[in-house]
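Residue numbers (the numbering used here), protein chains in the order written: chain A, 2 to 365; chain B, 325 to 684. For glycine and all other residues, C-beta sits at the position ideal for the given N, C-alpha and C. Down below is the structure, laid out as structure tokens.
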Amino acid sequence: MKFSVSKEKLLEGLQVVQNVVSTRTTLPILSNVLLQADASGLRLTTTDLDVGISGGIEAQIEKEGATTLPARRLASIVRELPAAEVVVEVDSKNVASIRCGQSFFKILGLPEEEFPPLPKFEGAKEFTLKQSDLRDGLRKTAYAISTDETRYVLNGILFSFKDNKLTMVATDGRRLALVDIELEFARSQEVEIIVPTKCVTELQRLVGTEGDIKMTVGENQVAFEVNGTLLVSKLIEGNYPNYKQVIPGEAKDRVTLERDLFLNAVHRVSLLASEKSNSVKLVFSKGNLEIAANTPDVGEARESIAVNYKGRDFSIAFNPEFLQAPLRALPDDEVFLDLIDEMSPGVIKVQTPFLYVLMPMRIS
Amino acid sequence: MPRVIFHVDMDAFFASVEQRDHPAYRGQPLIVGAPPDQRGVVCAASYEARKFGVRSAMPSRTAAKLCPQGIFVRPRMDVYRAESAQIMEILRAATSCVEKVSVDEAYLDLSESFATFTDPDAALVAALPAAKEMKLRIHAERQLTASIGIGANKFLAKLGSDFQKPDGLTLIPERDKAAFLRPLPVRSIHGVGPVTAHALEQCGIATIADLQDTKANLASVVGSWAGTLKARAFGDDDRPVDPSDERKSISAETTFLKDTDDRPTLRVALREAADDVAHALEKEALGALTVQIKVRYSDFTTLTRQIRLEDPLADAREIYRMACYLLARDRLVSAPLRLIGIGLATLVPSRGPQQLRLPL
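What follows is the structure, encoded as structure tokens:
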């Protein structure tokens, strides 16, 4: 196998796939990137057995073939190469010679046959989404994914294809983010899957703002295809909890807030939220919202915002980080905050189909 | 030197503090704990409420059914803790060797004060005035009543404090201890929970007398605990009073009658352990950041596995869920178990703001 390729293209290609490579693995082959050179160019593939990613790059193929090389080592070499053009030649013992300008590297690979193949899909359901829609949905939900290993069904985003829309949901049991995306598909295509965090992270790196992305849902795996790059992942098995039941119905009080102003105020005040309690208090009175925090023996912070609030005086406490996360992810100028009482979840909404349910903190 | 151990147990502590501070509650069936229309349990019930069958750790809903006229109040942990500190001060006037078991309970070792005695029972009797004085001071200074048990060891002292509640004072003499214990049910022995009691019953052992007289091999029922159990049945206990304060961990475990990997049996035992440790947490107003599961196999190999959490845990069901998770994660039920238990560590005060959770 022999090919020449631009340093820049090779590095880009490696960067797309190298995140999947597991750093701690008992299977050495999983630290390697599969390189396949054929008439269509050079294909790079990595997998950790849960998530696999494969992308093609332009290359001048002198001799077709395939091998696997240590992914991180290869990337660190390519990054430092002195010239624009790289020539890679691999012998029958999977020893790769890399030449670039006056540099020469020899690295030892493993045979292609040892590399676990990416899964094949059969009887799968296909969906075509706008990249911008998916990007938007991921951005508005991914931060709410649970990292609690004991509730593994929450360690991902629920993709629910139903009633001609895709609903994306993430929750960690304390807050829940939800996005609806209009999408046409046959009733027979309806399906609910949980895409694991690692795949979500890779997907976020992959999706752009222009064009479509193809999503294929198989029995227990999912594939995303965009611009010649294929991302395949196992799904989280199990039932996602009934998230609909935690979405409060009618709000008693709705306040409209300038997102930036609100976000910045919460952020400033949270500087004086104690590490232990980690809460900020929202104090509502007629026409006014005061955000307050204090740490015993340290100090306190307060900031007021004029709001269209007409209800009774009341206050509610939230974890400032949980309050800020959706505000950072939303592009809207204006957000609505719906509240019931100090022990019931608050809801952040915008003009588009988005919902964020946040449980308050009980101050006793 | 004869041992002189006191067990001081405040009577219906939380409820008594509330009745003291709120004259309107006096003589009323008062229930301290979650409101009856909410999920949660009874922390304490006044003696008036106990007449209706209301007990600690019972779901508030059940309590409300048993005692519809009950007055429910939320616990004021800070007040109880401050009260507890005051009472511990009174106890420390008698000896510095005070082991605080919980907010309303302590063991005292007064052996030093009676070191000149040679007859164990003479020493115990000589300690009676000190116990009376203690009760009087608690009543005069804190307007609360305590029950005190006096014995030559912790086990007997605890039995004694429980013997004539409320406002009791019971001395269990060394000479009569075996006879004193005979009529009591095996459940009176601390550590004999429903599972062990049931296991013993299967062998025809219902009372401590049965336990004293049995020729059966107890090890086949309760494993390595057999020796301890037999000793307790005869009123023997050499555990020292440990004055180092602060609880570092809470645990509860069950030894099975027969080694088992039967899931329903394991679940029952685990739920029971979770309820026990959760109740202990609630009583101390603590939360746990570490949950540990302990299993022992037929060959006595004992394994523990633990998980560290982001938010302190106090809820019995969550503790149970974590325990199940650890069992599943590390495939611990790979063979029949002779023991299963839950331990909680990294205990933190549960006061201060608490993140509420979505009911998912």
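If you check the beta carbons only, do residue i and residue j fall under 8 Å apart?
{"i": "residue 47 of chain A", "j": "residue 58 of chain A", "result": "no"}
{"i": "residue 408 of chain B", "j": "residue 433 of chain B", "result": "no"}
{"i": "residue 289 of chain A", "j": "residue 270 of chain A", "result": "no"}
{"i": "residue 319 of chain A", "j": "residue 347 of chain A", "result": "yes"}
{"i": "residue 312 of chain A", "j": "residue 285 of chain A", "result": "yes"}
{"i": "residue 367 of chain B", "j": "residue 356 of chain B", "result": "yes"}
{"i": "residue 131 of chain A", "j": "residue 218 of chain A", "result": "no"}
{"i": "residue 450 of chain B", "j": "residue 474 of chain B", "result": "no"}
{"i": "residue 95 of chain A", "j": "residue 109 of chain A", "result": "yes"}
{"i": "residue 52 of chain A", "j": "residue 199 of chain A", "result": "yes"}
{"i": "residue 111 of chain A", "j": "residue 33 of chain A", "result": "yes"}
{"i": "residue 472 of chain B", "j": "residue 337 of chain B", "result": "no"}
{"i": "residue 659 of chain B", "j": "residue 585 of chain B", "result": "yes"}
{"i": "residue 236 of chain A", "j": "residue 195 of chain A", "result": "yes"}
{"i": "residue 191 of chain A", "j": "residue 215 of chain A", "result": "no"}
Could you check what DSSP says for residue i in three-state terms: helix, strand or coil?
{"i": "residue 274 of chain A", "result": "coil"}
{"i": "residue 222 of chain A", "result": "strand"}
{"i": "residue 494 of chain B", "result": "strand"}
{"i": "residue 20 of chain A", "result": "helix"}
{"i": "residue 110 of chain A", "result": "coil"}
{"i": "residue 699 of chain B", "result": "The structure shown does not extend to residue 699 of chain B, since chain B spans only 325 to 684, so no value can be given for it."}
{"i": "residue 462 of chain B", "result": "helix"}
{"i": "residue 545 of chain B", "result": "helix"}
{"i": "residue 263 of chain A", "result": "helix"}
{"i": "residue 331 of chain B", "result": "strand"}
{"i": "residue 669 of chain B", "result": "strand"}
{"i": "residue 150 of chain A", "result": "helix"}
{"i": "residue 375 of chain B", "result": "coil"}
{"i": "residue 345 of chain A", "result": "coil"}
{"i": "residue 657 of chain B", "result": "coil"}
{"i": "residue 139 of chain A", "result": "helix"}
{"i": "residue 388 of chain B", "result": "helix"}
{"i": "residue 504 of chain B", "result": "helix"}
{"i": "residue 337 of chain B", "result": "helix"}
{"i": "residue 208 of chain A", "result": "coil"}
{"i": "residue 195 of chain A", "result": "strand"}
{"i": "residue 470 of chain B", "result": "strand"}
Is there a C-beta anywhere in chain A that falls below 8 Å from the one on residue i?
{"i": "residue 542 of chain B", "result": "no"}
{"i": "residue 452 of chain B", "result": "no"}
{"i": "residue 677 of chain B", "result": "yes"}
{"i": "residue 382 of chain B", "result": "no"}
{"i": "residue 680 of chain B", "result": "yes"}
{"i": "residue 649 of chain B", "result": "yes"}
Answer yes or no: does any C-beta atom of chain B fall closer than 8 Å to that of residue i?
{"i": "residue 175 of chain A", "result": "yes"}
{"i": "residue 67 of chain A", "result": "no"}
{"i": "residue 320 of chain A", "result": "yes"}
{"i": "residue 169 of chain A", "result": "no"}
{"i": "residue 364 of chain A", "result": "yes"}
{"i": "residue 280 of chain A", "result": "yes"}
{"i": "residue 358 of chain A", "result": "yes"}
{"i": "residue 112 of chain A", "result": "no"}
{"i": "residue 71 of chain A", "result": "no"}
Whole-angstrom Cβ separation of residue i and residue j, contact assumed at under 8 Å?
{"i": "residue 302 of chain A", "j": "residue 272 of chain A", "result": "6 Å"}
{"i": "residue 514 of chain B", "j": "residue 482 of chain B", "result": "6 Å"}
{"i": "residue 516 of chain B", "j": "residue 611 of chain B", "result": "Going by Cβ atoms, the distance from residue 516 of chain B to residue 611 of chain B rounds to 28 Å, so no, they are not a contact pair."}
{"i": "residue 362 of chain A", "j": "residue 280 of chain A", "result": "5 Å"}
Can you name the residues of chain A whose CB is closer than 7 Å to the CB of residue i?
{"i": "residue 636 of chain B", "result": "Under the 7 Å cutoff, chain A gives no residues; its nearest Cβ is about 11 Å from residue 636 of chain B."}
Starting from residue i, find everything on chain A with Cβ-Cβ shorter than 8 Å and list it in chain order.
{"i": "residue 683 of chain B", "result": "246 and 247"}
Name, please, each residue of chain A whose Cβ falls closer than 9 Å to the Cβ of residue i.
{"i": "residue 645 of chain B", "result": "151 and 152"}
Does the beta carbon of residue i sit closer than 8 Å to a beta carbon anywhere in chain E?
{"i": "residue 631 of chain B", "result": "The displayed structure is made up of protein chains A and B, and chain E is not among them."}
List, in order along the chain, the chain B residues whose C-beta lies closer than 9 Å to that of residue i?
{"i": "residue 344 of chain A", "result": "680"}
List, in chain order, every chain B residue whose beta-carbon is nearer than 8 Å to that of residue i.
{"i": "residue 172 of chain A", "result": "682 and 684"}
Just the chain B side, please: which residues come within less than 7 Å of residue i by C-beta, in chain order?
{"i": "residue 361 of chain A", "result": "680"}
{"i": "residue 242 of chain A", "result": "684"}
Got a sec: does the ligand FMN put a non-hydrogen atom nearer than 7 Å to the Cβ of residue i?
{"i": "residue 376 of chain B", "result": "Among the components modelled here there is no ligand, and therefore nothing to report on the ligand FMN."}
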